[in-house]
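First the structure, in the form of structure tokens, and then the observations on it.
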């Protein structure tokens, strides 16, 4: 997941701990996220980055 988002695994873990990043769910002893959810989150971040700031 971290590589798909473009961050290190430790950054991704920190994001999960504070509720940032794509929605995840437990899958056995691991944490997983659907690819569609990750891609939607990335698209949302792109939209936010390109949106004109409300200044």
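Residue numbers (my numbering): 286 to 340. Just so it is clear, CB atoms sit at the ideal spot from N, CA and C, and this is done for glycine as well. Since we're looking at a predicted model, the values are computed, not measured.
Check: What's the call for residue 307, buried or exposed, on a 16-neighbour Cβ count within 10 Å?
Finding: By one-based count along the chain shown, residue 307 stands at place 22. Classification of residue 307: buried, given that the 10 Å Cβ count is 16 or more.
Margin query: My output table needs one value for residue 287: the three-state DSSP class, helix, strand or coil.
Written below: Here the question's residue 287 lines up with position 2 in the chain shown. Helix, per DSSP.
Margin query: Within the continuous alpha helix (DSSP H) that includes residue 328, where are the two ends?
Written below: The residue given as residue 328 occupies position 43 in the chain shown. 320 to 335 is the span of the alpha helix (DSSP H), which, as asked, contains residue 328.
Check: Is there contact here, the region 294 to 303 with the region 321 to 338, by at least three beta-carbon pairs under 8 Å?
Finding: no
Notebook entry, point to check: How big is the Cα-Cα spacing for residue 320 and residue 290?
Noted result: Here residue 320 corresponds to residue number 35 of the chain shown, with the count starting at 1. Here residue 290 corresponds to residue number 5 of the chain shown, with the count starting at 1. So the two alpha carbons sit approximately 10 Å from each other.
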